Amino acid sequence: MTQIRLGVAQPRTWYGTDERRNVDEAVSLIRQAGATGCDLLLFSENFPGPYRERGRFDSIGPLSSAAKENKVAVVAGTSEETEPGSNRFHIIAAVIGADGIVKGRYHRTHPAGPYIYPNGDLWDFHYKEADEFPVFDMGWGKLAMLVCSEVFVPEIARMHLFPEEFGRKYRQAELQLPPTGSHLTAGIAMIASPERVLCESHEPGILSAVLDIDRIRWLRDTDEELIVPAPYRTIPGVLKWRRPELYGALTAQPAATAARREP
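In the numbering used here, the protein residues as written are 3 to 265.
Next up, the structure:
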């Protein structure tokens with residue numbers, strides 16, 4: 003049976019001149035995750051940072067060392083300049099293996115910039131969207147992600163589930179993914195399987211749950227039947243219902259595209 007323990011971090015967050023303290027907080031949480039047997043620990047958007055144009059610092063190096071020391075894979079939030087001197091920043095979810103090696107980065111793709119990030123009390127940089135949807139092989143399965151409010155853009159998840167329709171050569175491993183989340187500013191964390199909410203919390207620390215990957219694969223492959231009581235708490239194989247021949251209007255380019263806003 004393939005199972006992993008997934009942790010989501012609910013950190014205490016530092017702002018302004020104390021922002022660098024978030025790195026120490028993240029390292030401490032990675033140690034806690036290792037002590038509780040987590041295979042993967044997720045941090046929220048832009049945590050531990052930096053999330054301002056000024057006062058830049060490296061967070062991925064210390065987290066990579068902590069991941070290796072504690073044998074925990076980590077997804078960490080940061081921002082990186084699109085190119086030196088551009089004053090435009092990608093929002094990054096960096097995927098670090100349990101060996102401390104950075105497997106790669108997902109750059110937030112939605113919406114088009116500048117969005118809400120410039121001149122804010124929490125964030126303060128000029129955000130630039132990206133255009134790629136990487137998938138990371140974690141050994142126990144493949145990992146793809148959405149960042150924060152991208153959860154409201156279902157097309158991103160569909161890109162991972164049906165890459166053959168978008169010219170991609172690889173496929174996200176699971177048809178039904180356990181949604182997880184933690185929030186940088188409001189203190190909300192949740193882990194859900196396709197069938198139920200596994201846990202949720204408003205308290206600081208680490209929230210963790212065991213994910214049954216084999217069960218998820220079974221739900222992916224099983225066709226719904228009229229059985230009472232049903233042996234599942236979701237509709238299995240639901241994406242087999244899709245009729246892509248009806249959806250052309252969803253992906254058609256408009257005759258005229260509004261110019262993107264730039265600061």
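We treat Cβ as the ideally placed atom computed from N, Cα and C, and that holds for glycine.
All figures in this text were calculated on a predicted structure; none of them were measured in a lab.
Judged by DSSP secondary structure, Gln-255 falls outside any alpha helix (DSSP H); it is assigned neither H nor E. The count of Cβ pairs closer than 8 Å, one atom from the region 82-93 and one from the region 114-134, reaches three, so the stretches are in contact.
Per DSSP, Glu-227 lies in no beta strand (DSSP E) segment and is marked neither H nor E. Within the DSSP bridge table, the entry for Phe-138 names Leu-145 as partners.
Contact between the region 216-232 and the region 14-26 is absent, with fewer than three C-beta pairs closer than 8 Å. In the structure shown, Ala-191 falls within a strand segment according to DSSP collapsed to helix, strand and coil. With contacts defined by Cβ atoms closer than 8 Å, Ser-203 and Arg-7 do not form a contacting pair.
Here Phe-49 is near Ala-28, since their CB atoms are less than 8 Å apart.
For a cut-off of 8 Å, the C-beta gap from Pro-52 to Ser-81 is around 6 Å, short enough to register as a contact. With respect to Lys-144, Val-153 sits apart: the two C-beta atoms are not nearer than 8 Å.
In this structure, Ala-37 and Leu-43 do not form a Cβ contact; the two beta carbons are roughly 12 Å apart against a cut-off of 8 Å.
Excluding the 5 residues flanking it on each side, Leu-148 has same chain C-beta neighbours closer than 8 Å at Val-155, Ile-158, Ala-159, in chain order.
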